[in-house]
Each structure stands twice: as structure tokens, then as C-alpha cells.
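Enquirer: Read left to right, the sequence shown gives residues 1043 to 1356 (the working numbering). Here a beta-carbon is modelled for each residue, glycine too, at the ideal position from N, C-alpha and C. Model, not experiment: these values are computed from the prediction.
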Amino acid sequence: MPWDRRLKRRLKLRDLEILMAVVEAGSMGKAAQQLHLFQPAVSKAIADLEHTLGVRLVDRTQRGIEPTPYGLALSKRGEAVFDELKSGIQDIEFLSDPTAGELRIGGSDPMVAGLIPAIIDRISRHHPRVAFRVIHGGSDPQMFQALRQRDLDIFVSRMSGQAIDDDLNVEILFNEPLLIATGQQNPWARRRRIELRQIVDEPWVLPRPETLVGSLVANMFRANGCELPRNTVLGNSMLLNHALLATGRYFTVYSKSFLQLSAKTLGIKVLPIRLKVLSTPAAVVTLKNRTASPIAKLFVAHAREIGRSFSKAT
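#1: Measure from the alpha carbon of Lys1054 to the alpha carbon of each residue in Ile1222, Leu1091, Leu1320, Arg1239, then state which is nearest.
#2: How about Arg1146 and Arg1105: are their beta carbons less than 7 Å apart?
#3: I think Asn1228 touches Arg1291, with their Cβ atoms under 8 Å apart; what is that distance to the nearest whole Å?
#4: Going by DSSP in three states, Ser1069 sits in which element: helix, strand or coil?
#5: Return the CA-CA distance between Asn1266 and Val1242, expressed in angstroms with no decimal places.
#6: Are the CB atoms of Gln1240 and Lys1311 nearer to each other than 7 Å?
#7: Please state whether DSSP places Gly1180 in a helix, a strand or coil.
#8: Helix, strand or coil: which one does DSSP assign to Tyr1112?
#9: For Pro1357, which of helix, strand or coil comes out of DSSP?
#10: By alpha-carbon positions, which one of Thr1103, His1078, Ile1107 ends up nearest to Ile1088?
#11: Taking Pro1251 as part of the alpha helix (DSSP H), name the residues at either end of that continuous run.
#12: Using 8 Å as the cut-off, can you tell me whether the stretch 1331-1351 makes contact with the stretch 1252-1262, which would need three or more C-beta pairs spanning the two stretches below that distance?
#13: Could you please give the first and the last residue of the uninterrupted beta strand (DSSP E) stretch that includes Ala1311?
#14: Could you tell me the alpha carbon to alpha carbon distance between Ser1166 and Gln1081, rounded to whole angstroms?
#15: For the structure I just gave you, are there three or more beta carbon pairs, one from the stretch 1211-1220 and one from the stretch 1312-1332, closer than 8 Å?
#16: Rank Gly1143, Ala1288, Lys1086 by C-alpha distance to the C-alpha of His1169 and give the top, closest one.
#17: Can you name the residues that DSSP bridges to Pro1271?
#18: With which residues is Asp1209 paired in a DSSP beta bridge?
#19: Taking the alpha carbon of Ala1063 as the reference point, which residue from His1093, Leu1127, Val1100 has its own alpha carbon closest?
#20: Given a cut-off of 7 Å, decide if Gly1156 and Phe1263 are closer than it, judged by their beta-carbon atoms.
#21: Run the CB neighbour count on Ala1231, radius 10 Å, all protein chains shown included, and call it buried at 16 or more, exposed below.
#22: Is it the case that the Cβ atoms of Asn1283 and Thr1294 are separated by a distance below 7 Å?
#23: By how many angstroms is the C-alpha of Pro1314 removed from the C-alpha of Ser1297?
#24: Run through the DSSP bridge pairs and tell me what Leu1276 is partnered with.
#25: So what does Thr1322 bridge to, in DSSP terms?
#26: I'd like to know whether the C-beta atoms of Leu1189 and Leu1329 end up nearer to each other than 7 Å.
#27: Which word fits Glu1218, buried or exposed, when buried means at least 16 other C-beta atoms lie within 10 angstroms of its C-beta?
#28: Three-state secondary structure (DSSP) at Arg1175?
#29: Starting from Ile1165, trace the alpha helix (DSSP H) in both directions and tell me its first and last residue.
#30: Can you tell me which of the three DSSP states Ser1412 falls into?
#31: Around the Cβ of Gln1187, are there at least 16 other Cβ atoms within 10 angstroms (buried) or fewer (exposed)?
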């Protein structure tokens, strides 16, 4: 079917919205309730779409409505259409009032505790009505899928050489080494020179070894001639780390960017330990072929600026 004026005239956004609701609900009746329509109106919209396109979009089964491959394809593209329209309205809102808008950010735990709030603080000082939704705690594949589903605008995380699909755009910001830290009340925090082997038998709080950052930490210890500490609390929570470091007994491993941005505020002291540093890149990930909003562009610009400051300090 050629994409021509006749087809463009007959296709309606409302009908596309109804199809998406039917596919999601799996029922004409449920979709009608969600859209506050009568069921015959929903059936007619689907029939009109099928007539316009010349293909069957849904099948009626004993379990309800199931989309055909054509219906799935159109519904998936419909999500992108409505996402772009929503972004367009937000762009208009931002351009007419540069202090307004919304940005949905995903981040790994260290980024949510360090880099992301630093960028948000910069933006919010000049654009106080911009709303930020920050989501963290999921794995990288989960966050990548959230980008594809347009639940996120931006994802910020450490990259470890994992394969990135062609539909995602990755911009490296800076290299991210790991450093050893403790609470300011720990007696070791007053030392001017420390070797890793001197504290390896002290209490530690470290990320779980099966996670990405946990494997990086394990490699760091091995690269510096030590095995992982045995007196260890394993967990992937920054709050857990902060609470244990505040006791003045525990040690941990943090990313350099987090320590540069947040160590002083949280009462954390970077220890003067010379390490064979293993660095991995920190990056901003976005969805290709998706128009970035002005706020998203502003976020990335600030991320680049902060990244350059880290590179100069290294």
C-alpha cells in the first residue's frame, strides 16, 4: 500500500490510539472502558483502520482479542508516533516557557548518587519549573528496554564493553576509575599513606560479585595483588554503604566521579592508596532516531561539561 495523500487523509490518530488500547487490553470491551467509549465505536475504529490498510489487524479468539502481525507492527509504531507528538508538545511548552518541561532519566546507583543530581542541580537553578523523574535500580538491559519503550529519555551508567544494539546511541563522557574510601571517623582516614594489603582484613561493604560493578571491584583487588576481603557485607545499595561507613569501621570502593561530587557532603574520605587503576567509561545512552527534547539536549550538554572537568582533574 503506497504512502500517499489518500492514505494520510484516511488515517486518524484517534483510530490508532484505539488500536493500541485494544492490543494492550486484549479486549474490545476493556479498551472501550479505558477510553470512555462505547464498544461499537471501538469496533468501528478497528474496522475502519483495517479497511483503510487492507489487512486484518486483530483476530477474535476464545481468550479475547489478539493482534495479527500487522496489528502488532502498527501498534508498535503508534507508540513512537504518540511519543514524538508528546515530545513536540513539550518542546513547544519549553520554547514558550524555558523554565518548564519534564525529563525522564535512568541511572545506575552511583550515577544517581553523584553525577545525575549534579546535572539536575545545574539545570534547576536556571529552569526551576522543569520536572525530573529519576529511575534507578534496574539492570542495563532493563534500562535499555525502557528507552526503547520510551519510558526513559536518557540513561546514564558505566559501560563495561558490553555489546550495544544498533538502535541505541552511546556517548562516552569520561573514564571512571575506582577508589577506596571510608568514613571520616575511621582512624585510617587520618593516615597519609596506606597500602591496600594493610586494610584488606578490615570490615568492608562491597557490591555483590555477580553484578557488573562487583566484578570490576574483584578485578581491582586482584590487579593490586589482593583477594577480595572476607570480612565483607555484600550489597548493591549506596544507602547501605553510607550507613556502614558512618560507623567509622567499614571500607568500600566508590567511583571517582561520585567521590568528587559527593564525598565531602556525606562525610566520606578517599584513602591515599596507590592502586593499579582499572577504568571503565561512563556514558549517556539515548534511543537513535528519536528527536531529543531541548531539556534532554541541555542535560547532555551539562553532562559533557562535568565530564570534561573530570578529565582535566585526572
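Expert: Taking the geometry as given:
#1: Considering only alpha carbons, the answer is Leu1091.
#2: Not in contact: Arg1146 and Arg1105 (Cβ atoms no closer than 7 Å).
#3: Yes, Asn1228 and Arg1291 are in contact; Cβ-Cβ is about 7 Å, under 8 Å.
#4: Coil, per DSSP.
#5: Distance between the alpha carbons of Asn1266 and Val1242 is about 11 Å.
#6: Their beta carbons are not under 7 Å apart, which means Gln1240 does not touch Lys1311 by this criterion.
#7: Here Gly1180 sits in coil by DSSP.
#8: Three-state DSSP puts Tyr1112 in a helix.
#9: Outside the modelled stretch of the chain, which goes from 1043 to 1356, sits residue 1357, for which no answer is possible.
#10: Of the candidates Thr1103, His1078, Ile1107, the one whose C-alpha sits nearest the C-alpha of Ile1088 is Ile1107.
#11: Element bounds for Pro1251: n/a, residue is neither H nor E.
#12: Note that the stretch 1331-1351 does not touch the stretch 1252-1262; fewer than 3 beta-carbon pairs, one per stretch, sit closer than 8 Å.
#13: Here the sequence assigns Lys to residue 1311, which means Ala is not the residue at that position. Per DSSP, the continuous beta strand (DSSP E) segment holding Lys1311 begins and ends at 1310-1312.
#14: Using only the alpha carbons, I get a separation of about 45 Å.
#15: Yes, the stretch 1211-1220 is in contact with the stretch 1312-1332.
#16: Considering only alpha carbons, the answer is Gly1143.
#17: The secondary-structure analysis by DSSP pairs Pro1271 with nothing; it has no beta-bridge partner.
#18: The bridge partners DSSP lists for Asp1209 come to none.
#19: Of all alpha-carbon atoms in His1093, Leu1127, Val1100, the one lying nearest the alpha-carbon of Ala1063 is that of Val1100.
#20: Judged by beta-carbon spacing, Gly1156 lies beyond the 7 Å limit of Phe1263, meaning their Cβ atoms are not closer than that value.
#21: That one is buried.
#22: Result yes, Cβ atoms of Asn1283 and Thr1294 sit closer than 7 Å.
#23: Between Ser1297 and Pro1314, the C-alpha separation is close to 15 Å.
#24: In the DSSP output, where bridge partners are listed per residue, Leu1276 has Leu1248.
#25: Paired residue(s): Glu1218.
#26: Against a cut-off of 7 Å, the Cβ pair of Leu1329 and Leu1189 comes out as a contact.
#27: Label assigned to Glu1218: buried.
#28: Strand at Arg1175.
#29: Counting along the chain, the unbroken alpha helix (DSSP H) around Ile1165 starts and ends at 1157-1168.
#30: Residue 1412 cannot be examined here, being either before or after the span of the chain that is shown, 1043 to 1356.
#31: Gln1187 comes out exposed.
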